[in-house]
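Those protein sequence lines, which keep their order, are chains C and B.
Under numbering that gives the first Met the number 0, the letters of the first sequence match residues 0 to 340, in that order.
Under numbering that gives the first Met the number 0, the letters of the second sequence match residues 0 to 269, in that order.
One structure below.
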Amino acid sequence: MTYAKLQKVNMKIALEIDRLTKIYEGRVNALDGVDLEVKDGVIFALLGPNGSGKTTLMRVLTTQFRPTSGVARAFGHDVVREDAQVRKIIGYVPQEMSVWTDITGFENLLIYAKIYGVSSSSRNKCIQDALQSMGLEEVEGKLVKKYSGGMIRRLEIACALLVKPRILFLDEPTLGLDPSARKAVWENLMSFKKEYGTTVFFNTHYMDEADLYSDEVAIINKGKIVKFGTASDLKRSLHSEIISFLLADDQTGMGRLFRSNVLDRIKALNLVDDAVVHGTVLDVTVEDGEVALPAIMELLNCEGVKLKRVKATNPTLDDVFLKYAGMRQQRNQSGYHHGPN
Amino acid sequence: MLECVSKEINQVTTMAPTESLREMFAMIELEMRRLRHDRTEIYTRAVQPILWLAVYGTVMSHVRDIPTGGIPYIDYITPGVLLQSTIFVSVFYGLTIVWERETGILKRLLVAPSSRYATVIGRAIASGVRATVQALIIFPVAILLGVKFISNPLYILAAFLMLFMISGGFAALSIFVASLMKTRERFMGIGQAMIMPLFFASNALYPISLMPPFLQSIAFVNPLTYAVDAVRGLMISGNVTNIFADFTAVIVFDILIFTAASISFRKIIE
Ligand SMILES: Nc1ncnc2c1ncn2[C@@H]1O[C@H](COP(=O)(O)OP(=O)(O)O)[C@@H](O)[C@H]1O
Ligand SMILES: [Mg+2]
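Following this line, the structure appears as structure tokens:
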């Protein structure tokens, strides 16, 4: 294919990432050969546990530092060689707080508008639009240090939206916010996205956020993309369901479960993929619940483990994450409850 | 709006000087807006220099041994005190940068379409403006304390230009130090350790001729010496024979330190 043709094809692709690696100080292998493609106009979630390399990838994509090897392009522009062009088409909100707190929300936007060179004739309109998209009109004149966490986040996003970027990068946009503030952030973002068709690339370690708001998800673990697809693809890919056993909360039953390797014996059963205990819940991942359930029940019964309740559920993104990233989310951290109980 | 952004993508141009200027002005505006919202800092920082003038200056003026060239001692030290107060603002400006590095502000500024040099120079100049405002607060107090300034407004203007240039340079020095010392505590330590020696190893409080030879050689490379000489000539003594050399020395200092700060700034967020 000629270069010109390649360019044309690229127009539909917002981000192309090819064998990207980043080694910090010659030691920490933060990115270990990342390949990804993000289509124009989608909301893309990069999901991974802490330390998996999400921030590092975003900082390479936003031209903050060079990768150790590999290539990344934003709308055809190489993030290393054409970094100035890339900076003109992206908006970015880092994980940490990124607004000046000793001036007002309006003034923050004004300074950014000036840095980005928004002409003085359209400046006020751009600022008002951004304030409105993020629902901040009423507090624009207040000092940012008086804002709540959710308001600060929305202001940061407003600063990034000011110039209507083609790609918006958000690093853990709702980290540390309570559920209603998270919801407000996403509702505003979704309606902005609907209006302008901006591509959104966000990092998160909240399953439910990726599930609810993304068109596509990639799971990253230890600097590698371990799974990529839509949230429902990923869930379907498990071909399995989960049976949750709520154990009677008595010490002897729990003790038995652990003493005589019951867990390992359950895992060894035919059709059983995995078994995990959280508190008083035993989750068993099975391929065919109707066949596997009687066998598991019999085993538990023989060992004298008493049960309160049994429930079967289809896999959630949480389970996908467990399988591919080898760890489970802390449920109560995320605010939006789901799962067997 | 989307269309205008797309149009911009096609203009494959390098950073235009207007863009850099734009960013510098935005940084100055930011500093002015911060000042407007919280003026207490500028007043509290005026207390110490005013005490230097009112107490130290008044007491020492009874000591006739310091050869000030016939100028009252309080008048003699006024330029030094003005400079010290502005340099204090500049040297601690690096703290703002360290704070902005700890939060995400710097990351975000570096992702904006402007050159990193413009960011550094803009911040240093903004700090210079802030420092000059600091001097403007002390100036009328000095008049009230009886300090006699040269009445030529051009001289006073040139003196404030010097104050601005030297404070911009020290702010760049502070940004340079901030990009090396990445924690607030270490930065505070260095900042404190820098100011007093700068002040004492200069002609701010006494003529260089009174110093031991070792201190004299430090004073000779201390940019503050040249700034004090210029400001004293322009504001107090009216003797401006060295003015050209003084400004040249400070310009050389500014160029060197702005370059060093711009280069080291790339490393600050890594
Ligand atoms: N500036 C840095 N210097 C050295 N190591 C770093 C730096 N930033 C991140 N790391 C390391 O790289 C790995 C990935 O970190 P990061 O990209 O921040 O992950 P995430 O955003 O998914 O939590 C971690 O092991 C982290 O300790
Ligand atoms: Mg991170």
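Heads up, the beta-carbon is just placed ideally off N, CA and C, and yes, glycines get one too.
Just so you know, these numbers come straight off a predicted model, no measurement behind them.
Compute the Euclidean distance between the alpha carbons of residue i and residue j, then round it to the nearest angstrom.
i         : j         : result
LYS310(C) : SER243(C) : 5 Å
ARG231(B) : ILE70(B)  : 11 Å
ARG185(B) : GLU36(C)  : 43 Å
CYS301(C) : ASN260(C) : 13 Å
SER178(B) : GLU30(B)  : 20 Å
LYS6(B)   : LEU281(C) : Residue placement at LYS6(B) cannot be trusted, given a pLDDT of 37 that sits under 50; what the coordinates show is reported in the next sentence. Each residue's Cα considered, the two are about 58 Å apart.
GLY104(C) : THR247(B) : 42 Å
SER236(B) : SER261(B) : 37 Å
VAL220(B) : ASN202(B) : 12 Å
ARG65(C)  : VAL110(B) : 13 Å
LEU246(C) : THR279(C) : 5 Å
ILE12(C)  : PHE168(C) : 15 Å
THR173(C) : LEU154(C) : 13 Å
ALA117(B) : SER236(C) : 50 Å
ARG264(C) : ILE218(C) : 30 Å
VAL79(C)  : ARG265(B) : 14 Å
PHE43(C)  : TYR111(C) : 26 Å
VAL59(C)  : VAL41(C)  : 20 Å
ILE256(B) : LEU223(B) : 14 Å
TYR323(C) : GLY75(C)  : 31 Å
PRO16(B)  : SER113(B) : 10 Å
TYR72(B)  : PRO78(B)  : 11 Å
VAL285(C) : ASP273(C) : 7 Å
LEU209(B) : ARG107(B) : 50 Å
ARG44(B)  : VAL146(B) : 20 Å
ILE165(B) : ALA83(C)  : 32 Å
TYR91(C)  : LEU19(C)  : 20 Å
TYR154(B) : ILE242(B) : 11 Å
ILE267(B) : ILE96(B)  : 9 Å
State yes or no: is the C-beta of residue i within less than 7 Å of the C-beta of residue j?
i         : j         : result
ILE137(B) : SER84(B)  : yes
ILE41(B)  : GLN191(B) : no
ALA123(B) : GLY68(B)  : no
ASP17(C)  : GLY52(C)  : no
VAL290(C) : LEU306(C) : no
MET161(B) : ALA218(B) : no
MET195(B) : VAL90(B)  : no
ILE224(C) : ILE166(C) : no
PRO314(C) : HIS204(C) : no
GLY149(C) : LEU176(C) : yes
GLY222(C) : LEU30(C)  : yes
ASN123(C) : ASP170(C) : no
GLY116(C) : ARG115(B) : no
ASP253(B) : TYR225(B) : no
ARG72(C)  : GLU15(C)  : yes
GLU136(C) : LEU130(C) : yes
ARG255(C) : VAL304(C) : yes
VAL140(B) : ILE49(B)  : yes
Using a cut-off of 9 Å between C-beta atoms, extract the partners of residue i located in chain D.
i        : result
ARG32(B) : The chain inventory of the structure shown lacks chain D, comprising the protein chains C and B.
For the alpha helix (DSSP H) containing residue i, list its first residue and its last residue.
i         : result
ASP424(C) : The structure shown does not extend to residue 424(C), since chain C is modelled only from 0 through 340, so no value can be given for it.
ARG185(B) : 183 to 199
ARG231(B) : 222 to 231
SER113(B) : Premise fails: SER113(B) is in no alpha helix (DSSP H) and is neither H nor E.
LEU167(C) : Run containing LEU167(C): none in the alpha helix (DSSP H); it sits in the beta strand (DSSP E), 166 to 170.
LYS141(C) : No alpha helix (DSSP H) contains LYS141(C), which DSSP labels as neither H nor E.
TYR212(C) : 206 to 212
PHE24(B)  : 16 to 36
GLY104(C) : 104 to 114
TYR23(C)  : Where TYR23(C) is concerned, there is no enclosing alpha helix (DSSP H), although the beta strand (DSSP E) it sits in stretches over 12 to 23.
ALA183(C) : 178 to 195
ASP273(C) : Element bounds for ASP273(C): not the alpha helix (DSSP H) but the beta strand (DSSP E), 271 to 277.
Considering residue i, what are the terminal residues of the beta strand (DSSP E) in which it resides?
i         : result
ASN238(B) : No beta strand (DSSP E) contains ASN238(B), which DSSP labels as neither H nor E.
ARG308(C) : 306 to 312
ASN178(B) : Note that residue 178(B) corresponds to Ser in the displayed sequence, not to Asn. Note, SER178(B): premise wrong, no beta strand (DSSP E); alpha helix (DSSP H) at 152 to 179.
TYR55(B)  : Premise fails: TYR55(B) is in no beta strand (DSSP E) and is neither H nor E.
ASP248(C) : Taken as a continuous stretch (DSSP letters only), ASP248(C) belongs to no beta strand (DSSP E), as it is neither H nor E.
PHE43(C)  : 42 to 46
Give me the pocket residues for ligand 1, defined as CB within less than 5 Å of any heavy atom, sorted by chain position.
This criterion selects TYR23(C), VAL27(C), ALA29(C), ASN49(C), GLY50(C), SER51(C), GLY52(C), LYS53(C), THR54(C) and THR55(C).
Contacting positions in the segment 101 to 131 of chain B - beta carbon closer than 8 Å to chain C:
Only GLU101, THR102, GLY103, ILE104, LYS106, ARG107, LEU108, LEU109, VAL110, ALA111, PRO112 and SER113 from the segment 101 to 131 of chain B bring a Cβ to less than 8 Å from some Cβ of chain C.
Just by C-beta distance, which residues in the segment 296 to 314 of chain C are closer than 8 Å to chain B?
Listed by position, the residues of the segment 296 to 314 of chain C near chain B (Cβ gap below 8 Å) amount to none.
Closer than 9 Å, Cβ to any Cβ of chain C: which residues of the segment 49 to 60 of chain B, in chain order?
Across the segment 49 to 60 of chain B, no CB contact with chain C closer than 9 Å is found for any residue.
Taking a Cβ distance cut-off of 7 Å, strictly less, list which residues of the segment 131 to 146 of chain C are near chain B, in chain order.
Residues LEU142.
The segment 153 to 181 of chain B: positions lying closer than 8 Å to chain C by Cβ
Going along the segment 153 to 181 of chain B in chain order, one finds no residue with a Cβ nearer than 8 Å to chain C.
Residues in the segment 111 to 122 of chain C having any Cβ partner in chain B nearer than 9 Å:
So the list reads TYR111, ALA112, LYS113, ILE114, TYR115, GLY116 and SER121, given in the order they occur along the chain.
Could you name the residues of the segment 86 to 97 of chain C whose beta carbon sits closer than 9 Å to any beta carbon of chain B, in the order they occur along the chain?
Within the segment 86 to 97 of chain C, those residues whose Cβ lies closer than 9 Å to any Cβ of chain B are, in chain order, ARG86, LYS87, ILE88, ILE89, GLY90, TYR91, VAL92, PRO93, GLN94, GLU95, MET96 and SER97.
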